[in-house]
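A.B. asks: Counting along the sequence shown from 1, when you hit position 304 you're at 303 in numbering that gives the first Met the number 0, and nothing is skipped either side.
Okay, handing you the structure first.
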Amino acid sequence: MYPMDEKARIMQLRDELHQHNYRYYVENSPVISDQEFDFLMHELQALEAKHPELFDANSPTQRVGSDLNNEFETVVHTRPMLSLGNTYNRQEVADFWKRVSDGLMGAPFQICCELKFDGLSISLHYEDGCLTRAVTRGDGTQGDDVTANVRTIRSIPLQLPKGGDWPGQFEIRGEILMPWASFERLNAEREQAGEPLFANPRNAASGTLKSKNSSTVAQRGLDAYLYYLLGDGIPGDGHYQNLEAAARWGFQVSKSMTLADTLDDVFAFIDYWDKERRNLPVATDGVVLKVNSLAQQKSLGMTAKSPRWAIAYKFQAEQAETTLRQVVFQVGRTGAVTPVANMDPVQLAGTQVRRATLHNADVMASLDLHYGDHVLVEKGGEIIPKIVGKAEADNSKFKIQK
Ligand code: IVH
Numbered sequence: 000m001y002p003m004d005e006k007a008r009i010m011q012l013r014d015e016l017h018q019h020n021y022r023y024y025v026e027n028s029p030v031i032s033d034q035e036f037d038f039l040m041h042e043l044q045a046l047e048a049k050h051p052e053l054f055d056a057n058s059p060t061q062r063v064g065s066d067l068n069n070e071f072e073t074v075v076h077t078r079p080m081l082s083l084g085n086t087y088n089r090q091e092v093a094d095f096w097k098r099v100s101d102g103l104m105g106a107p108f109q110i111c112c113e114l115k116f117d118g119l120s121i122s123l124h125y126e127d128g129c130l131t132r133a134v135t136r137g138d139g140t141q142g143d144d145v146t147a148n149v150r151t152i153r154s155i156p157l158q159l160p161k162g163g164d165w166p167g168q169f170e171i172r173g174e175i176l177m178p179w180a181s182f183e184r185l186n187a188e189r190e191q192a193g194e195p196l197f198a199n200p201r202n203a204a205s206g207t208l209k210s211k212n213s214s215t216v217a218q219r220g221l222d223a224y225l226y227y228l229l230g231d232g233i234p235g236d237g238h239y240q241n242l243e244a245a246a247r248w249g250f251q252v253s254k255s256m257t258l259a260d261t262l263d264d265v266f267a268f269i270d271y272w273d274k275e276r277r278n279l280p281v282a283t284d285g286v287v288l289k290v291n292s293l294a295q296q297k298s299l300g301m302t303a304k305s306p307r308w309a310i311a312y313k314f315q316a317e318q319a320e321t322t323l324r325q326v327v328f329q330v331g332r333t334g335a336v337t338p339v340a341n342m343d344p345v346q347l348a349g350t351q352v353r354r355a356t357l358h359n360a361d362v363m364a365s366l367d368l369h370y371g372d373h374v375l376v377e378k379g380g381e382i383i384p385k386i387v388g389k390a391e392a393d394n395s396k397f398k399i400q401k
């Protein structure tokens, strides 16, 4: 083969592997076997080794990361990364609907309902279809440049398919997550190695993304959902429609996203996902409601901290009632003592629970617990359930002792 042919072959292999990668990690419908994929990848690796002058940080071969130490550079966000106001009940959701309606002087509007993914937010920048920069939220004004680590996340496109209608420059934001399966595998490995466990997938994702070594990131099975497209040349006025375009360009956009015309549609979405989220491969902690029209978003504007056109509704942590049998004291690796409750087994958030943390002696004392008490156990963002209080004897109402 002549060198020119090899250059063309490198380009062709890169394009093909980007497409197979998308089919595998975003669409979940590969068209070639893993073995064929590895075969193409090895061919590309060999050719790239022969032609270092053709190095490309966005080549599919770069997904494996490197052992170089990452020094994170602090980058100022092009547009600040805001957080959202939180609501915890239906009345507050109805209040949001009313505020939007009043703010738009009664004009019709739609609300885009989305899941609130429980990971860490990321801002991705693309130029001419190539991933150029990935920045963490940081303090909202500036964050860490974690591009090398983000390149290893298979569901994030490094290079968009040629000829797509994507703008020359844009930013897309989303959430980096560690799926439950990766999280459980990682904690099992850490337990074997006597290393401290991650409390939940969010902490694990965040610890991983800040890893100094991108090959560690590559092995940990992170995933990403994108939920916000920004920039001058983005397709249209509809947030939902823009995300549909992003999905066509190769980004992983949640299929659960829905447009609501009425407050009842919003409640139906909340009720459905409050239950159904247990069957998702990743952690969610609520829903996010956004005014769909970008023009209407602009006219609503923002408060000092967060937009007036969007709000988060947090799901209630799941609770169950059982009987406290015994308290034992666990000594951690650092010497810290944690009281742990043994209880009658009870079903909670899909698993059988028989142990719960009581955190520390102060928390334990304030709960005033006795063996045989009916207790209320909660599983929130943390993997280890906790006792949040006593259940009243008549079982009809729970009284939480603070
Ligand atoms: S939109 C201005 N959509 O929740 C709107 N955020 O405090 C910006 N999050 O920092 C965010 N799922 O990390 C949006 N579907 C979703 C989300 C989502 C999770 C996180 C995000 C943000 C926080 C809101």
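No residue lacks a Cβ here, since even glycine has one placed at the ideal position from N, Cα and C.
Go to Ser120, then tell me how far its beta strand (DSSP E) extends in each direction, as first and last residue.
C.D. replies: By one-based count along the sequence shown, residue 120 stands at place 121. Its beta strand (DSSP E) spans residues 119–126.
A.B. asks: Buried or exposed, going by whether 16 or more other CB atoms sit within 10 Å of the CB of Arg150?
C.D. replies: The residue you call residue 150 lines up with position 151 of the sequence shown. Arg150 is buried by the Cβ-count criterion.
A.B. asks: Taking the alpha-carbon positions, what's the Asn202 to Glu243 distance?
C.D. replies: Residue numbering aside, residue 202 sits at position 203 when the sequence shown is read from its first letter. Residue numbering aside, residue 243 sits at position 244 when the sequence shown is read from its first letter. Cα to Cα, the separation comes out at about 29 Å.
A.B. asks: Is Asn186 helix, strand or coil when you go by DSSP?
C.D. replies: Sequence index remark: in the sequence shown, residue 186 carries index 187 (1-based). The answer is helix: DSSP assigns Asn186 an H, G or I state.
A.B. asks: Give the DSSP bridge partners of Tyr224, in chain order.
C.D. replies: Position 225 of the sequence shown, counted from the start, is the residue given in the question as residue 224. For Tyr224, which the question treats as bridged, DSSP gives the partners Glu174.
A.B. asks: If you follow the beta strand (DSSP E) that Arg132 is in, where does it begin and where does it stop?
C.D. replies: Taking the sequence shown and counting its residues from 1, the one referred to as residue 132 is at position 133. Unbroken beta strand (DSSP E) run through Arg132: 129–135.
A.B. asks: With a threshold of 7 Å, establish whether the CB of Glu174 neighbours any heavy atom of the ligand IVH.
C.D. replies: For the purposes of this step, residue 174 is taken as residue 175 along the sequence shown, with counting starting at 1. Under cutoff, so the answer is yes.
A.B. asks: Any heavy atom of the ligand IVH closer than 7 Å to the CB of Ser58?
C.D. replies: Here residue 58 refers to the residue found at position 59 when the sequence shown is read from its first residue. No.
A.B. asks: Beta strand (DSSP E) containing Tyr312: first to last residue?
C.D. replies: As a first step, residue 312 is located in the sequence shown; it is residue number 313 there, counting from the start. Note, Tyr312: beta strand (DSSP E), 309–313.
A.B. asks: Which value, in whole angstroms, describes the spacing of the CA atoms of Val265 and Asp343?
C.D. replies: Sequence index remark: in the sequence shown, residue 265 carries index 266 (1-based). Sequence index remark: in the sequence shown, residue 343 carries index 344 (1-based). Rounded to whole angstroms, Val265 to Asp343 spans 38 Å at the Cα level.
A.B. asks: Just list the beta strand (DSSP E) runs in the segment 326–361, keeping only unbroken ones of 3 residues or longer that don't cross its boundaries, in chain order.
C.D. replies: 336–347, 350–356, all fully within the segment 326–361.
A.B. asks: Counting Cβ pairs, one atom from each stretch, are 3 or more of them under 8 Å apart for the segment 216–224 and the segment 170–183?
C.D. replies: Touching, yes, given that three or more Cβ pairs across the two stretches are closer than 8 Å.
A.B. asks: Apart from the five residues on each side of it in sequence, which residues of its chain come closer than 7 Å, Cβ to Cβ, to His76?
C.D. replies: The residue you call residue 76 lines up with position 77 of the sequence shown. Only Ser122, Val134, Thr140, Gln141, Gly142 meet the Cβ criterion.
A.B. asks: From Ser82 to Phe116, what does the alpha carbon distance come to, in whole angstroms?
C.D. replies: Sequence index remark: in the sequence shown, residue 82 carries index 83 (1-based). Sequence index remark: in the sequence shown, residue 116 carries index 117 (1-based). Cα-Cα distance, rounded: 13 Å.
A.B. asks: Answer yes or no: the CB of Glu91 versus the heavy atoms of the ligand IVH, is any distance below 7 Å?
C.D. replies: In the sequence shown, residue 91 corresponds to position 92, counting from 1. Glu91 Cβ: outside cutoff for every heavy atom of the ligand IVH.
A.B. asks: Ser292 by DSSP, collapsed to three states: which one?
C.D. replies: Locating residue 292 in the sequence shown gives position 293, counting from the first residue. Residue state, collapsed to three classes: strand.
A.B. asks: Which residue marks the beginning of the alpha helix (DSSP H) containing Val99, and which one marks its end?
C.D. replies: What you label residue 99 is simply residue 100 of the sequence shown in a count that begins at 1. Per DSSP, Val99 belongs to the alpha helix (DSSP H) from 89–102.
A.B. asks: Between Leu258 and Asp284, what straight-line distance do the alpha-carbon atoms span, to the nearest angstrom?
C.D. replies: Here the question's residue 258 lines up with position 259 in the sequence shown. Here the question's residue 284 lines up with position 285 in the sequence shown. Cα to Cα, the separation comes out at about 20 Å.
A.B. asks: Using the beta-carbon count (16 or more within 10 Å), is Gly156 buried or exposed?
C.D. replies: Within the sequence shown, residue 156 is the residue found at index 157, counting from 1. This sequence places Pro at residue 156; Gly is not what is there. Result: buried.
A.B. asks: Please tell me whether, using a cut-off of 7 Å, the distance from the CB of Asn21 to the nearest non-hydrogen atom of the ligand IVH is below it.
C.D. replies: In the sequence shown, counting from the first residue as 1, residue 21 sits at position 22. Looking at the sequence itself, residue 21 is Tyr, so the reference to Asn does not match. For the ligand IVH, not one heavy atom lies less than 7 Å from the Cβ of Tyr21.
A.B. asks: Alpha carbons only, please: which of Ser210, Arg153, Thr215, Ala246 is nearest the one belonging to Tyr227?
C.D. replies: Within the sequence shown, numbered from 1, the residue matching residue 227 stands at position 228. Taking only the C-alpha atoms, the option nearest Tyr227 is Ala246.
A.B. asks: By the three-class DSSP mapping on this structure, what secondary structure does Phe169 have?
C.D. replies: Taking the first residue of the sequence shown as 1, we reach residue 169 at position 170. Reduced to three states, the DSSP call for Phe169 is strand.
A.B. asks: Taking the C-alpha atoms as reference points, what is the distance between Asn278 and Gly237?
C.D. replies: Along the sequence shown, read from residue 1 onward, the residue named residue 278 stands at position 279. Along the sequence shown, read from residue 1 onward, the residue named residue 237 stands at position 238. Roughly 29 Å between the two C-alpha positions.
A.B. asks: Is the beta carbon of Ile386 sitting closer than 8 Å to the one on Leu375?
C.D. replies: Along the sequence shown, one-based indexing puts residue 386 at 387. Along the sequence shown, one-based indexing puts residue 375 at 376. Their beta carbons are under 8 Å apart, which means Ile386 touches Leu375 by this criterion.
A.B. asks: So, for Ile399: in the same chain, excluding its five sequence neighbours on each side, which residues have a beta-carbon less than 7 Å away from its beta-carbon?
C.D. replies: As a first step, residue 399 is located in the sequence shown; it is residue number 400 there, counting from the start. Interpretation of Ile399 is limited by its pLDDT of 37, a score under 50 that renders its predicted location unreliable; the figure taken from the coordinates is listed afterwards. Leu375, Val387, Gly388, listed in sequence order.
A.B. asks: Taking only runs that begin and end inside the segment 202–247, name each unbroken alpha helix (DSSP H) of 4 or more residues, in chain order.
C.D. replies: Runs of the alpha helix (DSSP H) inside the segment 202–247: 213–218.
A.B. asks: Please name the residue in Arg307, Ser120, Glu317 whose C-alpha comes closest to that of Val92.
C.D. replies: In the sequence shown, residue 92 corresponds to position 93, counting from 1. The shortest Cα separation from Val92 among Arg307, Ser120, Glu317 belongs to Arg307.
A.B. asks: Decide yes or no for the touch test of the segment 157–170 against the segment 8–18: beta carbon pairs closer than 8 Å, at least 3 of them.
C.D. replies: With the cut-off at 8 Å, the segment 157–170 and the segment 8–18 touch.
A.B. asks: Are Val287 and Glu52 close, meaning C-beta to C-beta below 8 Å?
C.D. replies: Here the question's residue 287 lines up with position 288 in the sequence shown. Here the question's residue 52 lines up with position 53 in the sequence shown. Contact flag unset, no.
A.B. asks: Would you mind stating whether Asp273 and Phe314 have Cβ atoms separated by less than 8 Å?
C.D. replies: Here residue 273 corresponds to residue number 274 of the sequence shown, with the count starting at 1. Here residue 314 corresponds to residue number 315 of the sequence shown, with the count starting at 1. Cβ distance < 8 Å, so Asp273 and Phe314 count as in contact.
A.B. asks: Just to confirm my understanding: we take Ala282, look at its own chain, exclude 5 residues before and 5 after, and list those with CB closer than 6 Å. What are they?
C.D. replies: On the sequence shown, residue 282 is found 283 positions in, with the first residue counted as 1. These residues qualify, in order along the chain: Asp117, Pro200.
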